[in-house]
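First residue of the sequence shown? That's 4 in this note's numbering, and the numbers climb one at a time after it. For each residue, glycine too, the CB sits at the ideal point set by N, CA and C. Please read all numbers here as calculations on a predicted model, not as lab measurements.
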Amino acid sequence: MTIRVAIIGFGKIARAEHVPAIAADPDFELVAVVAPNGAQGAGVPVFASLAAMLAAMPDGVDAVSLCTPPRVRRAIAAEAIAAGLAVLLEKPPAATFGELQDLEARARAAGTCLFAAWHSQHAPAVAPAAAALAGETITRLAITWHEDVTRWHPGQDWIWEPEGFGVFDAGINALSIASAILREPLFVTGAAFTIEPGRQAPIAAALTFAGERRTATFDWRATDEEVREIHVATAAGRRIAIRDGGASLSLDGAEQPLGPFAEYPALYRHFARLVAERSVAVDAAPLRIIADAALIARRLSTASRA
Ligand code: NAP
């Protein structure tokens, strides 16, 4: 049975990734878009709200993909779950940890499918890295996730608002990979957030985790060269390096042959299975780590350093 899906929030990621992934997947058909300010070129009916879509197509939608900024997700997702729809949440799955727990409880109570999607977990390096680390004791973890914010979020003001996540909008992708490849949970022991004048959310952050030599640095000022790498060493002497955001993998210094970088097609394949099973798939660890960091972080202003 084809899964009739509507996209809610028709911005950069919806257009660049969700539309083509849905179009290429025989299990899905895009039937509507919800966009309060319109969605030029959507090619399907466009509604101002989820309620308006449900009123116009009461039996015409099976699933929704929520591609809004995180601050409005919980209310829309709760409405969709109450309507019996399967729900895919773009990352970050909610604005707060408590909101995500609430959505998970609602989906379980309603018996509907909820997928807190982490696109980076579907990068080709992730599954083989997880397999290589199975049964290993970690002795070092170094996450370096440095991007150019102007490339990925041109003109998006919401990312600097209190619920916008700032640099963690990107850094949470690294944490989602860490969650997928490490057996042990990461506990934040130290955090420093660098915040620009007039902004609420950090442009850079540095974290340390419990255990020795476990660090992460996130920076959105990498205008010259972007770096998205995770290095892991183990007690048995294994060295694992994930590079290019999960597009390449080196095991003990040897580059591994990997499939194509096709995160969103893989993500929709997974969603199709979850919809069929009416499953709830929520990996809350990446959001929990950021929430923990926000509780104990030192805040540094770029203005005071100048
Ligand atoms: P974006 O370009 O700002 O798009 C967000 C869209 O949501 C806008 O079109 C906005 O419409 C719409 N929207 C806001 N409130 C809404 C509501 N109540 N109902 C329906 N639509 C609403 O942002 P984006 O880059 O696509 O990011 C969206 C999410 O995808 C974020 O969580 C982000 O982390 C994630 N993501 C982004 C990227 C990336 O490369 N940009 C990559 C992977 C994941 P208006 O503009 O009309 O308000």
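When the distance is taken between beta carbons, is residue j closer than 8 Å to residue i?
| i | j | result |
| --- | --- | --- |
| A341 | I6 | Here the chain has residues from 4 to 309 only, and residue 341 is not among them. |
| A213 | F196 | no |
| Q124 | S68 | no |
| H21 | I11 | no |
| L298 | P95 | no |
| A49 | V34 | Per the sequence presented here, residue 49 reads as Val, with Ala not at that position. Not a contact, by the Cβ cut-off of 8 Å. |
| A120 | L91 | yes |
| G256 | P127 | no |
| R224 | A207 | yes |
| A97 | R77 | yes |
| G167 | F221 | no |
| V235 | I141 | yes |
| T237 | T211 | no |
| T115 | L88 | yes |
| Q259 | L270 | no |
| E150 | T305 | no |
| A177 | I146 | yes |
Does residue i come out as helix, strand or coil in the three-state DSSP assignment?
| i | result |
| --- | --- |
| G101 | helix |
| A236 | strand |
| S253 | strand |
| F274 | helix |
| E107 | helix |
| E150 | coil |
| I162 | helix |
| V47 | coil |
| R202 | coil |
| R241 | coil |
| A35 | strand |
| S68 | strand |
| V191 | strand |
| A17 | helix |
| T115 | coil |
| A120 | coil |
| T226 | coil |
| T305 | helix |
| A145 | strand |
Kindly examine ligand 1 and report whether one of its heavy atoms sits closer than 7 Å to the Cβ of residue i.
| i | result |
| --- | --- |
| D286 | no |
| G315 | Within the shown structure, residues of the chain are numbered from 4 to 309, placing residue 315 beyond reach of any answer. |
| E72 | At residue 72 the sequence reads Pro, which differs from the Glu that was named. Yes, the Cβ of P72 comes within 7 Å of a heavy atom of ligand 1. |
| V47 | no |
| A119 | no |
| E150 | no |
| A24 | no |
| E93 | yes |
| V75 | yes |
| V64 | no |
| D172 | yes |
| A54 | no |
| V37 | yes |
| W155 | yes |
| A17 | yes |
| W163 | no |
| I11 | yes |
Span of the alpha helix (DSSP H) holding residue i?
| i | result |
| --- | --- |
| G174 | 171-184 |
| R217 | Segment 217-222 is the beta strand (DSSP E) holding R217; no alpha helix (DSSP H) there. |
| V22 | 22-27 |
| L53 | 53-59 |
| R291 | 288-299 |
| A133 | 129-136 |
In terms of residues, what are the limits of the beta strand (DSSP E) holding residue i?
| i | result |
| --- | --- |
| E82 | No beta strand (DSSP E) holds E82; the alpha helix (DSSP H) holding it covers 76-85. |
| L261 | No beta strand (DSSP E) holds L261; DSSP gives it neither H nor E. |
| L210 | 207-212 |
| V285 | No beta strand (DSSP E) contains V285, which DSSP labels as neither H nor E. |
| L92 | 89-92 |
| A42 | Taken as a continuous stretch (DSSP letters only), A42 belongs to no beta strand (DSSP E), as it is neither H nor E. |
| A9 | 6-11 |
Would a check of beta-carbon distances place residue i closer than 8 Å to chain C?
| i | result |
| --- | --- |
| P268 | Reference to chain C is not applicable here, since this structure consists of a single protein chain. |
With a threshold of 7 Å, establish whether the CB of residue i neighbours any heavy atom of ligand 3.
| i | result |
| --- | --- |
| H122 | You won't find ligand 3 in this model; what it holds is ligand 1. |
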